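Using my numbering, read the sequence shown as starting at 2 and increasing by one per residue.
Glycine included, every Cβ here is placed at the ideal spot set by N, Cα and C.
Just so it is clear, the structure is predicted and the values come from calculations on it, not from any experiment.
Each remark here refers to the structure printed beneath this line.
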Amino acid sequence: LFAKVGVDKKLVDFGPTCGNILVGVGPAALEMGLVPTTGDKTKVRIRATNTNALVESVIETPEGVVNYEGSIAIDGVPGTSSPVALNFLNIVGSKTGKMFPTGNKVDIIQGIPVTCIDVAMPMMIARAKDFGISGYESAQELDENKELFSRMEAIRIEAGQMMGMGDVRAQVTPKIGLVSKARNNGHFSSRYFMPWNAHPSMAITGSQCLAACYLAPGTVSDDLRKNTEGSPLEMVIEHPLGEMKIMVTYDYKDGELDFHSAGVVRTARLIAEGNVFIPRTISVN
2 LFAKVGVDKK LVDFGPTCGN ILVGVGPAAL EMGLVPTTGD KTKVRIRATN
52 TNALVESVIE TPEGVVNYEG SIAIDGVPGT SSPVALNFLN IVGSKTGKMF
102 PTGNKVDIIQ GIPVTCIDVA MPMMIARAKD FGISGYESAQ ELDENKELFS
152 RMEAIRIEAG QMMGMGDVRA QVTPKIGLVS KARNNGHFSS RYFMPWNAHP
202 SMAITGSQCL AACYLAPGTV SDDLRKNTEG SPLEMVIEHP LGEMKIMVTY
252 DYKDGELDFH SAGVVRTARL IAEGNVFIPR TISVN
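Quick look at the structure:
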């Protein structure tokens with residue numbers, strides 16, 4: 002169970018899960034003895050109860066010990082470490098029960114075409130140019146654009162209602178993604194919002210939803226789509242600090258996207274361990 006604790010808001014949101022936090026769950030389960038190691042690599046199956054997704058995590062465990070040393074580098078993450086491979090299953094309709102919860106692939110909200118989509122993370126996705134930006138700005142530049150956030154939030158609140166999520170003013174979902182054409186060798190470029198500030202790079206769950214939007218015909222990503230090589234497909238999403246690679250499996254049934262799974266390789270390391278003591282008066286109540 003993941004909880005997003007607000008830093009600048011009095012908010013604890015149990016709605017979404019978090020892919021980057023999930024990276025550490027497998028190694029933590031092994032360190033705490035909750036799961037035994039099974040050779041040089043150990044697969045840990047994780048049920049993300051926020052969304053009921055199943056996540057398969059593969060961790061290096063030579064001689065039965067979690068290995069954190071390695072050469073895997075990730076854009077936006079300092080240093081290198083050993084790989085933690087995550088494969089996400091059962092992620093379509095993570096909170097709403099449908100890939101396209103409004104029943105449409107494109108909705109016009111306050112004059113802006115948006116795709117409301119729910120794969121791993123409920124999101125409202127739009128073209129960056131429709132919000133008057135290039136889509137290649139840094140996170141700092143975006144965070145300084147208060148007019149952009151004001152406009153996005155008004156549309157996000159309306160999108161949340163249309164997605165059947167109720168009043169989302171105090172909820173972090175649906176998240177926001179603005180897409181544009183790739184500048185380098187990626188499939189497309191994106192800026193991801195959490196939703197009240199810009200992500201410095203790219204979220205794991207958000208990348209899966211953005212990938213599904215790209216692959217599904219008839220969405221706001223239609224004009225970005227290149228010829229795909231078929232499933233499985235390694236997609237490359239460009240973000241402010243580089244790029245993120247995501248391996249997706251899918252097919253099409255009667256012309257509609259059938260999204261099966263999404264895999265990423267990330268890194269984790271042991272930072273600290275200890276005890277937190279809670280007063281009896283608090284724990285009892």
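Coil, strand or helix - residue i by DSSP
i: Gly264; result: strand
i: Gly94; result: coil
i: Leu335; result: Limits of the chain in this structure are 2 at one end and 286 at the other, which puts residue 335 out of reach.
i: Leu31; result: helix
i: Thr282; result: helix
i: Glu70; result: coil
i: Pro63; result: helix
i: Phe101; result: coil
i: Ala54; result: strand
i: Phe89; result: strand
i: Lys44; result: strand
i: Ala273; result: coil
i: Lys130; result: helix
i: Lys5; result: strand
i: Pro123; result: strand
i: Lys254; result: strand
i: Thr116; result: strand
i: Val78; result: coil
Sequence-distant residues of its chain with Cβ nearer than 6 Å to residue i (five each side left out)
i: Met245; result: Met203, Ser208, Ile238
i: Gly27; result: Val45, Ser58, Ile60
i: Gly264; result: Asn88, Met248
i: Asn105; result: none
C-beta contact flag for residue i and residue j at 8 Å
i: Ala129; j: Arg170; result: no
i: Met125; j: Ser95; result: no
i: Val107; j: Phe260; result: no
i: Arg281; j: Tyr69; result: no
i: Thr220; j: Gly20; result: no
i: Ile158; j: Gln111; result: no
i: Phe3; j: Asn53; result: no
i: Met24; j: Val13; result: Correcting the residue identity first, residue 24 is Val in this sequence and not Met. No, these two residues do not count as a Cβ contact at 8 Å.
Residues of its chain near residue i, where Cβ-Cβ distance is below 7 Å and the 5 sequence neighbours each way are ignored
i: Lys99; result: Asp119
i: Arg226; result: Tyr215
i: Gly65; result: Thr38
i: Leu55; result: Arg46, Arg48, Leu90, Asn91
i: Ile73; result: Thr81, Ser82, Ser83, Pro84, Val266, Thr268
i: Gly165; result: Thr97, Pro102
i: Asp144; result: Asn198, Ala199
i: Asn276; result: none
Assumed close pair residue i, residue j - CB separation to whole angstroms, cut-off 8 Å
i: Gly243; j: Leu211; result: No, Gly243 and Leu211 are not in contact; Cβ-Cβ is about 16 Å, not under 8 Å.
i: Val180; j: Ser139; result: At roughly 17 Å, the Cβ-Cβ gap does not stay under 8 Å, so Val180 and Ser139 are not in contact.
i: Arg267; j: Ile75; result: 6 Å
i: Val173; j: Met153; result: 13 Å between Cβ atoms; not a contact.
i: Gly71; j: Pro84; result: 6 Å
i: Gln8; j: Leu31; result: The displayed chain sequence assigns Val, not Gln, to residue 8. Not quite, the Cβ-Cβ distance comes to about 29 Å (not below 8 Å), so this is no contact.
Same chain, Cβ closer than 8 Å to residue i, neighbours up to 5 away in sequence not counted
i: Ser232; result: Val249, Thr250, Tyr251, Asp252, His261
i: Ser135; result: Ala129, Ser181
Below-8 Å beta-carbon distance, residue i vs any chain D residue
i: Ile113; result: Annotation note: the requested chain D is absent from the structure, which comprises a single protein chain.
request  = Give, in chain order, every unbroken run of the beta strand (DSSP E) that is at least 3 residues long and sits entirely within the region 184-250.
outcome  = 189-194, 234-240
query = Fully enclosed by the region 134-190, which alpha helix (DSSP H) runs are 4 residues long or longer?
reply = 140-144, 147-163
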